[in-house]
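Asks: Numbering (my numbering), first residue to last: 119 to 258.
Take a look at this one; I'll ask things after.
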């Protein structure tokens with residue numbers, strides 16, 4: 119558990135890098151036709167921001183040593199990657215490596231998300247009765 123917290127503390131500064139707005143704008147340009155086929159309510163900028171904020175917020179509870187105050191809904195969102203949670207963007211998943219800043223931000227948040235789930239399962243998070251490992255793949 120101490121090792122996981124150490125890894126999370128090291129990742130904290132990585133999560134504070136500038137948001138990949140330019141890359142998201144480029145993705146929207148490059149996949150304009152695909153985005154036009156989605157609902158008008160779909161907004162990859164806001165969806166990715168929310169995904170990142172949820173992970174960063176959960177990390178702040180962990181590093182602030184107030185794990186028991188993390189809202190259950192916030193934990194629930196950690197069970198899925200960005201592309202699992204927002205499956206309307208699945209068409210992008212194999213292409214994100216072409217957008218360096220977006221890809222780095224995604225990888226860092228995914229690593230943090232998986233470490234948070236490991237920590238919370240090791241900590242016997244009281245709101246989850248089942249083993250967290252049965253719901254997710256924790257490989258990096």
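A virtual CB, placed ideally from N, CA and C, is assigned to each residue, including glycine.
Between which two residues does the alpha helix (DSSP H) containing residue 175 stretch?
Replies: Per DSSP, the unbroken alpha helix (DSSP H) holding residue 175 starts and ends at 162–181.
Asks: Excluding the five sequence neighbours on either side, which residues of its own chain have a C-beta within less than 8 angstroms of the C-beta of residue 245, listed in chain order?
Replies: A caution first: residue 245 carries a pLDDT of 44, below 50, which makes its placement in the model too unreliable to give a value.
Asks: Buried or exposed: where does residue 213 fall if 16 or more other Cβ atoms within 10 Å of its Cβ makes it buried?
Replies: Exposed: under 16 other Cβ atoms inside 10 Å.
Asks: If we define contact as Cβ-Cβ less than 8 angstroms, is residue 151 a contact residue for chain D?
Replies: The chain inventory of the structure shown lacks chain D, comprising one protein chain alone.
Asks: Distance, Cα to Cα, residue 164 vs residue 170?
Replies: Rounded to the nearest whole angstrom, the CA to CA distance from residue 164 to residue 170 is 10 angstroms.
Asks: Starting from the C-beta of residue 289, find all residues in its chain whose C-beta is less than 6 angstroms away, skip the five residues before and the five after it, and write them out in chain order.
Replies: Here the chain has residues from 119 to 258 only, and residue 289 is not among them.
Asks: Determine the DSSP secondary structure at residue 259, reduced to helix, strand or coil.
Replies: This structure cannot speak to residue 259, because the chain is shown only from 119 to 258.
Asks: Quick check on DSSP: helix, strand or coil for residue 201?
Replies: Here residue 201 sits in helix by DSSP.
Asks: Can you give me the C-alpha to C-alpha distance between residue 162 and residue 127, rounded to a whole angstrom?
Replies: 28 angstroms
Asks: Can you tell which of 206, 231, 224 and 211 has the C-alpha that lies nearest to the C-alpha of residue 135?
Replies: 224
Asks: Using CA atoms only, rank isn't needed, just tell me which of 178, 229, 211 and 186 is closest to residue 197.
Replies: 229
Asks: Would residue 200 and residue 166 qualify as a contact pair, given that the criterion is a beta-carbon distance under 8 angstroms?
Replies: yes
Asks: Could you check the C-alpha separation between residue 204 and residue 157 for me, to the nearest Å?
Replies: 13 angstroms
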